[in-house]
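Quick note on the numbering used here: the sequence shown kicks off at 520 and runs consecutively. The next block holds one structure in the form of structure tokens; read it before the comments.
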Amino acid sequence: MPELLNDFSIRCFLLKVASRCNINCDYCYMYNHLDQSWKSQPKLMSDKTLLATAERIRDYTVNKKLDRIAIVYHGGEPLLMSTDKLVAHAKSLKNLLPDVTVEFSLQTNGILLKEEDIQKFQEVDIQVSLSLDGPAAANDRHRLDHKGKSSYAGTEKALTLLEKYPKVFSGVIAVIDADNDPKKVLDFFAQQSIPQLDFLLPDANYLTLPPGISEDPERYLRWLIDCFDYWFDRYPGMKIRTFDAVLAALMGVPSETDGFGLGDVSLITIETDGSYHDLDVLKITGEGTDLINGNVYFNSIEDALQSKQVAKHRLLLQKQGLSEQCQACPVVDICGGGAVAHRFSEAGFQNPSIYCLELKGLIEHANQRVMEQLQNEIDQQANSAVYFPPELLPEYESVTTENTALHVVMNDFKQSQAIKLRTVIDNIHNIILSDAVQLLNNLAQDKFQEISIQPAVVTWTEVMQKDMSGIQVHDISGKIILPEPFYITKIADSFNNLNDWPKIQRDDKWLRMPFADKIYFEDQVAAERGVGVLAKALSLISQWKPLLLEEMRLISPEIQYIRDLSAHPDKVVSFSDNSVPGALYVQLIRGDDLIAVEDLADSLIHEHRHQKLYMLQRVAPIVHADFPLVASPWREELRPPSGLFHALFVFVELLDFWSFLEHSADSKLQLKALSETQRINGQLQTGFNVVEQCDLTPHGRQILGILRTRYLELYHENNASITTVS
């Protein structure tokens, strides 16, 4: 047997707080497969076992020096245990681990869920995931109560309640029935406010075959591909964990699901009697999941993880532990052989997944669709980039008096957005007969173009256009952004303040809607409080590069003050997003005080620079392919090549800005600027080396050369300055 590292850690603890269920789903791996050990388990986990479990988890977390763990309350139906006991257990774990982030979740059919339960869960941050297979007809194929009656009404009620509490609602898990129309299932879920959807193939293996597969071997493959295509074309903003995992794996991102990708054992199950078990879905093999090294009363979690069954499971998650057929498969690094339980036969686990056809077919089809889309985008960008002369790129990157390149790009943006806005107005003219429509239709072309590129108008136009095509747009939490035809009145009103700059903290929901409640926007009181610091920040930018303010006026008309309430107080937060082009989202308040002038100036320059590159990318693509993902010195997680390219475009400019501040009369600011330039220098060196290896377009390669030349000039200037000071 190949060697495995003995010193591995798990971070997830699945607690079977109930071993019974109030409904009887015919596909349930716990009650309706080979393993029937639930019959000998206590119905509920006792107070004594709950306490012992918490203490064992505490001991393991402290010994392993973990900073983050996850607790999953499971069943059966976990809500058969009282909500107060679940909440009390969560509180006790938080008290036992005050310096550890403990993430709590609960999987339920929702029938017993009441609004007061959700409110209690919200107090201790217990996330709730709902089991629901689709509309009533789809759900009632399998999810019936013990009398054979529908369970849909109770689950639908829970769904309605959970949608009112987005901080608690984590998503929906649905089991696939190939007899259900995938389009109807997706249409149903698209009408709900679901943060994430997860489609699961029915648990099966070579002993217990998937329903109907003997008669029709390709039924699940057809369903997955039809569902994927409908999602990819119509609901691409909907978060579907199954499909997202495939697309992420194609780009080299490690999978977060046990159905895709290679990995290691990451959780342990604790049953209602306190006994330690392996992944509970392995019950469908009939081999049992109990671990030799016992239970919470007599054994530590570390002891349990040394059991032979865990070692066997760990090997099955490694490439060398797969069947020979899997190891030779071209998509093995993406599917990882599929879920372990789905590989089982009388001879053991040395088989491809019973869903091998489905996994391989979905991965290959998804790859084909992605490559087709990328090629279409490249072709479109290439067509629009033909007229953009490469010799204008040095001028575009710089800040000059007459930036012809910048005006070329902006004029193209104005023309294309005006056409889109005109199309939307013509469409809603049949719905709304108003003075606003007439006013906009009568505007001179140059004024109409100016209105069409206002950030909120661009966002609104995009949503309206997609709605006209039958495509829904989702915010970052997965909620559908509804079209709003009557916003046209507000657009017409904006004609009177087109030339105002900057527009500060305007209460326009189309500037904020894409970000749901994930971003905290400051109120008007804070905005008024920040008038002085903003004026000083803009003045500082003007001292450095007076023409940059004119460029910002042209590209970035909106400033929105935001705050990340979960961020470290020393961290300055800002962002920009191409869904709202021309809006700069920057932090104003830091702790109880206003942000430092130089930090606000940094944020404004930073986000404007992103917007400037976004604008260029409309006519001059910078990458051929935005994968595989690459390491970035500015982020812990991997990033697409275009994201790292953006970072280089931004930080070369910021290196210039902080180099200017090194000559400040303020000695404290000098020291801060010196520290910033040294930090950015090192990051840029690493970033350039990585991006050099990426699949850049000729435009991208030329811009990279411009940035590197500028960086080297600044680097030598800084070193000469430091030498002189020394």
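Ideal placement from N, C-alpha and C gives every residue a C-beta, glycine not left out.
- Within the stretch 873 to 934, the complete alpha helix (DSSP H) runs of at least 4 residues fall at 875 to 904, 912 to 916.
- A contact is defined here as three or more CB-CB pairs under 8 Å, and the stretch 705 to 724 meets this definition with respect to the stretch 682 to 690.
- Between Q844 and the set I1038, F868, D698, the nearest pair of CA atoms involves F868.
- Rounded to the nearest whole angstrom, the C-alpha separation of R1128 and H884 is 37 Å.
- Along the length of the stretch 975 to 1063, whole alpha helix (DSSP H) runs at least 4 residues long occupy 1007 to 1012, 1043 to 1048, 1050 to 1063, reported in chain order.
- With respect to Y739, K702 sits apart: the two C-beta atoms are not nearer than 9 Å.
- One thing to note: L1119 has its Cβ no nearer than 9 Å to the Cβ of L1193.
- P974 sits close to L1030, with the two beta carbons spaced by under 9 Å.
- Annotated as proximal: I1078 and P1021, with beta-carbon spacing under 9 Å.
- Just measuring C-alpha positions, the residue of P730, H1125, N543 sitting nearest D664 is N543.
- Put simply, of V976, V977, T942 the residue whose alpha carbon is nearest the alpha carbon of N960 is T942.
- Contact fails between the stretch 1095 to 1114 and the stretch 1147 to 1157, because fewer than three Cβ pairs, one in each stretch, are under 8 Å apart.
- Of the other Cβ atoms in all chains shown, 16 or more fall within 10 Å of the Cβ of G855; this residue is therefore buried.
- With a cutoff of 9 Å on beta-carbon distance, P1159 and F1176 are scored as not near each other.
- In this structure, F1168 places its C-beta atom within 9 Å of the C-beta atom of L1226.
- In the pairwise beta carbon analysis, the stretch 785 to 802 is classified as touching the stretch 848 to 862: at least three pairs are separated by under 8 Å.
- Two segments are said to touch when three or more pairs of C-beta atoms, one from each, lie closer than 8 Å; by this definition the stretch 648 to 656 does not touch the stretch 608 to 616.
- Taking 9 Å as the cut-off, the beta carbon of R539 is found no closer than this to the beta carbon of F747.
- By the neighbour-count criterion, in which a residue is buried when 16 or more other Cβ atoms sit within 10 angstroms of its Cβ, Y816 is exposed.
- Of the candidates D986, C848, R575, E969, D986 places its Cα closest to the Cα of I999.
- Partner residues in the beta bridge of Y1080, as assigned by DSSP, are V1105.
- Taking the Cα positions, K1090 is about 32 Å away from V606.
- Of all alpha-carbon atoms in V1209, G653, E921, A589, the one lying nearest the alpha-carbon of R530 is that of A589.
- The residues S1161, F1164, L1215, T1216, H1218, G1219, I1222, in chain order, have a CB closer than 7 Å to that of I1141 in the same chain once the five nearest residues on each side in sequence are set aside.
- Straight-line measurement puts the Cα of Y795 at about 35 Å from the Cα of K668.
- Our two residues, Y1039 and A723, have alpha carbons roughly 45 Å apart in a direct line.
- Between the alpha carbons of C547 and T727 lies a distance of about 12 Å.
- For V581, the enclosing alpha helix (DSSP H) covers residues 566 to 582.
- The alpha-carbon of E634 is positioned some 6 Å away from that of L680.
- Under DSSP, D809 takes part in a beta bridge, and its partners are H796.
- For Q646, DSSP records a beta bridge to S624.
- The criterion of a C-beta distance shorter than 9 Å is satisfied by D644 and A609.
- Of the candidates G673, M757, L824, A764, the residue whose Cα lies closest to the Cα of D783 is L824.
- A contact is defined here as three or more CB-CB pairs under 8 Å, and the stretch 618 to 629 meets this definition with respect to the stretch 583 to 603.
- Distance from the CA atom of H1235 to the CA atom of Q1189, rounded to whole angstroms, is 18 Å.
- A677 is classed as buried because its beta carbon has at least 16 other beta carbons within 10 Å across all chains shown.
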